[in-house]
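The structure appears right after this line, and notes come after that.
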Amino acid sequence: MEDMGRMGGDKSIFGNAFYHNLGNGKFEEISDRLGLETYWPWGFSVGDVNADGWDDIFITGGMGFPFRYGINSMMLNNRGVKFLDSEFILGIEPRPDTHTFWFPYDCSNPHTNQAAQACAGHDSGIVNILGTRSTRSSVIFDLDEDGDLDIVTNEFNSEPMVLINNLAQVKQIHWLKVVLQGTTSNRNGLGATVVVKSGNRTFTKYNDGKAGYLAQSVLPLYFGLGEATKIDRVEVKWPSGRTQVLTDGLKPNHTLKITEPAS
């Protein structure tokens, strides 16, 4: 009850929101239905970490001192039906060390019940107060350039985590990276929509700059292609209103640079 009071009690709302676009300017909140609720969420990053063609979500979490440890969540997209909580399966949690140094405290004069508990057995002198590790923000990009997406976190009061994905080392994956260069549109093609077609599958991404809470992931756009071994068509709808279609020289596991045609 003391912790809830410190957090605002029944005036606080915990959890996430996921808004499903119903069209005609209407949305519905379906985070619980999709399995996306977590307790202490901060920032999140989106990317296809298992390269199956469905974007996944990494949700940072935790509060730090003086609260209990809160996990980060890796939500794998189960073909658009639901998200599967997978951080323990993938080795993201638990961390080797869930606590970190927070501040030194003089036990000669403890002022609070929590301080008195920390000073138990120490009538005087300095003790180190520990707090739980917590993550505030994250980015997803191919850090080691092996074709799968990795994660780097920003931690509160401790060093960042670098989570290297070894998917490309354990199985054959298929992917495409798209770099946009605007001419009439802005330099990075921000606001463009890119559609990749392979057989009976269509992959669509909006080039929003990959911004998140206190962080921004690295471009280019990353398309996991699942089992697809060829690419039939790439279509770019530029912010200028121009639509550009490419059908030649397309192949998986490459970076494709697309320059907007001049007006």
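First residue of the sequence shown: 7, per the numbering used here; consecutive thereafter. The C-beta atom is built at its ideal place from N, Cα and C for all residues, glycine as well.
For L173, the three-state secondary structure derived from DSSP is helix. Rounded to whole angstroms, the separation of the alpha carbons of Y25 and D150 is 33 angstroms. Three or more Cβ pairs closer than 8 angstroms define a contact, and the stretch 61-74 meets that threshold against the stretch 158-173. Around the beta carbon of H260, fewer than 16 other beta carbons lie within 10 angstroms, which makes this residue exposed.
Ranking G232, G215 and S223 by CA distance to the CA of G205 puts G232 first. Within the stretch 186-267, the complete beta strand (DSSP E) segments of 3 residues or longer fall at 199-204, 207-212, 227-230, 239-243, 249-252 and 260-265, listed in chain order. Annotation for G21: no beta strand (DSSP E) segment contains it, and DSSP assigns it neither H nor E.
Across the structure, A217 and A57 are spaced so that their CA atoms are roughly 20 angstroms apart. Selection G127, G59, G21 and N172 evaluated against I65 yields G21 as nearest (Cα-Cα). With contact defined as three or more Cβ pairs closer than 8 angstroms, the stretch 33-41 and the stretch 100-110 are not in contact. Residue environment analysis places Y45 among the exposed positions, since fewer than 16 neighbouring C-beta atoms fall within 10 angstroms of its C-beta. Residue pairing by DSSP puts M81 in a beta bridge opposite I63 and D91. In the DSSP assignment, E43 is bridged to no other residue.
Approximately 7 angstroms separates the beta-carbon atoms of N194 and L225; this is inside 8 angstroms, confirming the contact. For K263, the CB contacts under 7 angstroms within the same chain, skipping 5 residues up- and downstream, are V185 and Q187 in chain order.
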